[in-house]
Amino acid sequence: MPGALRRLDGIGAGARLESVGRVESVGDGIAHVSGLPDVRVDELLLFPGGVVGLAMDLDREIGCILLGDDAAVAAGGAVHGTGTVVRVPVGDKLMGRVIDPLGNPLDDGPPVEAERWEPVERPAPTIAERAAVSEPMLTGTAVIDAMFPLGRGQRELLIGDRATGKTAVAVDAILNQTDGDVFCVYVAVGQKASGVRAAIEAVRQGGAASRTLFVIAAADSAPGLQWLAPYAGFTMAEHFRDSGRHALVIVDDLSKHAAVHRQLSLLLRRPPGREAYPGDVFYLHSRLLERAAKLTPARGGGSLTALPIAETQSGNLSAYIPTNLISITDGQVYLDAKLFYEGQKPAVDIGRSVSRVGGKAQPPALRALAEPLRLDYAQFLELEVFTRFGGLVDERTRKAVEHGQRMRALLAQRHLAPRPLAVQAAQLLALADGTLDRLPLEAMPAFQAALARLVATRPPPIGGTLDDGAKAALRDLIAQAATGLTATGLAAAGSGP
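With our numbering applied, the sequence shown covers 5 to 501.
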C-alpha cells in the first residue's frame with residue numbers, strides 16, 4: 005500500500021467539467037438538442053461523426069443547423085458545446101482555391117493556408133468609418149460602365165429571370181479585374197454543379213483565377229452550408245478591404261439563399277410570414293450587404309464592392325425578396341428575358357436599371373461621352389416602336405432611329421469579352437462624332453473588332469480625363485478602323501474576286 009501511494013504522488017487530480025447534450029431529433033439538415041442550458045446563439049456544437057452544427061433557436065430544445073451530412077447524426081447521440089462561433093480562414097493564399105464555406109478544399113488541393121481565422125458574422129463598418137464612393141469599379145460590360153457605372157464600395161444588384169445572363173455579367177466583371185488591383189470572391193449558393201464548374205473554368209481560362217477565390221455551396225450541399233456561404237464569402241473578402249486593398253464579392257444567388265433560410269426556419273418551427281418567409285428575412289440580407297463599403301483613409305482606404313444576384317419569376321420585380329434586395333442595395337441592373345430571347349446580349353433593360361451612387365465614380369473619360377447616352381437610347385426605343393407600324397416617317401425620325409440602331413449594336417457584347425476603358429471610350433467617341441452613322445449597320449461588328457485590335461496595339465494616352473491629345477489619338481484609330489467599312493467600300497469589296 006505505501007508503494008502504491010508513492011506512485012500516486014505528483015499525479016494531478018483536477019476535475020474537468022464538460023457539458024454534454026443529447027440529440028432529440030434530426031432530419032432535413034436540422035437537429036433538436038436538449039441538455040445544453042449554457043449554449044449561446046450562433047455557438048458551434050459538435051455532433052457525432054465530426055459533424056458540426058450552429059445553434060439558432062434557444063428554447064427548451066435547441067434548434068441547430070447542421071453544417072454537414074445529417075446521415076452521420078442519430079437521435080440519442082451526444083452533443084458537445086464548443087463555446088466558440090463559426091470561424092473561416094482568411095488570407096492572400098486562399099486566392100485561386102475552390103473551397104466550401106468552412107474552408108475545406110474542393111479542388112483536390114492541399115489544405116488551405118490561413119493567415120488567421122475570423123468569425124463569419126462580423127459587424128458592418130460604422131458610419132464614421134465609411135467614405136463616399138468615389139473610385140470606379142469597371143465591369144468591362146459597356147452598357148453598365150456607360151449608363152449604370154459602379155464605384156468601389158457600392159452594392160449593385162444583378163436581377164432578372166432564370167437564364168438571362170446574370171452570372172455571365174458577374175463573370176465578365178471578374179475577368180475585367182485580371183490586370184487590376186481588385187481581388188474577387190465568387191460565392192455560389194444552391195447552384196447546379198455544372199453551372200458552377202462552367203463559371204470556374206471561364207475565370208481560369210480568362211487568366212483571373214490567381215486573383216479569385218471560389219466559395220461553393222452547390223445545390224447538393226447541406227442546407228446549412230448554403231445558408232452560411234454568403235457570410236463566409238464576405239468574411240474572406242473583408243480581409244482585403246481591412247488591409248487597405250480592394251475586393252469584389254459576387255453572391256450567386258440570394259434568392260436561393262432566402263429559399264434555404266425559409267426552409268430551415270420552417271423546420272425550426274419559426275412562425276411564417278409573407279410568402280412563408282420568416283420575419284427576419286430582410287435582416288438576413290441587410291446585415292450581409294451592409295458589410296460592403298468604402299473605408300476612410302484612417303481605416304486604410306480599402307473597399308469591398310458587392311454584386312449580389314437575384315432571380316425573378318416572370319419579370320416580377322415587386323415580389324418579396326426582389327423588393328427587399330432593391331431597397332437594401334445602391335441600384336440594380338435588370339436583365340430582361342424578352343430582350344435576351346430577341347438576341348440582345350447583355351439583355352439590360354435601361355428603363356428598370358439604375359445606379360444610385362456610382363455616377364460620381366465614373367471615369368471622366370467616359371462621363372462626358374456617356375452622359376447623353378441613356379436619354380438618347382430611351383428616345384430611340386420609343387421612336388422604334390412607332391416606326392414598326394410602317395408608314396412614312398420624316399427624315400429627322402429616320403436618322404434618330406438609325407443612330408439608335410448603331411447605339412444598340414455598339415452596346416451589344418459577347419460573353420467572356422470584357423472591354424477595357426480605352427476601347428469603351430473610343431467606341432463612344434465614334435458614336436458621338438457621327439462616324440458610326442456613316443457605317444452600314446452590318447459593318448458594326450467588323451468596326452468594333454478592328455477598333456479593339458488597334459487600341460490594344462497602340463494604347464491611347466487616356467489618363468484621368470479625355471483631353472484633346474487623347475481625343476486626337478482616338479480619332480486616328482477610329483478613322484483607321486472605319487477604313488473600307490463604308491457602304492461604298494463594302495460594295496466594292498463584295499464585287500471583288
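Glycine residues also receive a C-beta, built at the ideal position from the N, C-alpha and C atoms.
First and last residue of the beta strand (DSSP E) that includes residue i?
i	result
G335	G335 to L339
A233	First-last for A233: P227 to D246, but that is the alpha helix (DSSP H), not the beta strand (DSSP E).
L162	L161 to G164
E122	R120 to P123
R91	R91 to V94
I220	T216 to A221
A192	V186 to V193
Using the three-state DSSP reduction, which class does residue i fall into: helix, strand or coil?
i	result
E386	helix
T487	coil
D256	strand
G283	coil
V102	strand
T143	coil
R291	helix
G473	helix
V116	coil
H84	strand
R273	coil
H265	helix
A132	helix
A251	strand
Please list, in chain order, all residues of the same chain as residue i whose beta carbon is under 6 Å from its beta carbon, the five residues on each side excluded.
i	result
L179	G210, A212 and P422
S290	I332
R134	A297
E65	E28, H36 and S38
A82	V24
A477	P464
F187	R215, F244 and A251
A456	V427
Looking at the secondary structure, which residues open and close the alpha helix (DSSP H) in which residue i lies?
i	result
T461	M448 to T461
R410	E399 to L415
V427	L425 to D437
V147	A146 to M151
L179	K170 to L179
G157	Here G157 belongs to no alpha helix (DSSP H), and DSSP marks it neither H nor E.
I204	A197 to Q209
In whole angstroms, what separates the C-alpha of residue i from that of residue j?
i	j	result
A302	A241	19 Å
P501	P465	Because the pLDDT of P501 is 32, which lies under 50, any placement of that residue in the model is unreliable, and the question is left without a value.
E122	G54	21 Å
A460	A453	11 Å
A221	A197	9 Å
G493	E375	Residue confidence for G493 is low, a pLDDT of 48 falling below 50, so the modelled location carries little weight and cannot support an answer.
T469	P367	8 Å
I148	R215	22 Å
L299	P114	34 Å
G438	A429	14 Å
G408	A416	12 Å
T401	V389	12 Å
D176	P424	11 Å
L373	F152	13 Å
A75	A226	11 Å
S499	E399	Model confidence at S499 stands at a pLDDT of 36, short of 50, so the residue's coordinates are unreliable; what they give is reported in the following sentence. Going by the C-alpha atoms only, they are around 30 Å apart.
K97	G107	12 Å
L377	K364	16 Å
Q484	A150	24 Å
E139	R26	53 Å
Cutting at 8 Å between CB atoms, please list the residues of its own chain near residue i, excluding the five before and the five after it.
i	result
I330	L161, I163, L321 and Q336
A263	G194
V219	I103, D104, P105, V189, Y190, V191, A192, A233, A236, G237 and M240
R101	P109, D111, G113, V116, L217 and F218
If I measure Cβ to Cβ from residue i and keep anything under 7 Å in the same chain, skipping five residues before and after, which residues do I get?
i	result
A314	L161, I163, D257, L258, S259, I325, P326 and L329
V361	V137, G155, Q158 and D334
L58	D46, L48, C68, I69, L71, V90 and G228
Does the Cβ of residue i lie closer than 7 Å to at least one heavy atom of the ligand FMN?
i	result
D165	Only the bare structure without any ligand can be found here, which leaves the ligand FMN out of the picture.
Checking contacts by CB at 8 Å: is residue i closer than that to chain D?
i	result
I66	Of the protein chains in this structure there is only one, and it is not chain D.
Any chance you could list the beta strand (DSSP E) runs of at least 3 consecutive residues sitting entirely within the stretch 25-81, in chain order?
-> For the stretch 25-81, whole beta strand (DSSP E) runs of length 3 or above, ordered along the chain, are 34-38, 47-50, 56-62 and 66-70.
Curious, which full-length alpha helix (DSSP H) runs of at least 4 residues does the stretch 293-376 contain?
-> Under the rule that a run must span 4 or more residues, the alpha helix (DSSP H) segments found entirely inside the stretch 293-376 read 324-332, 341-345 and 368-374.
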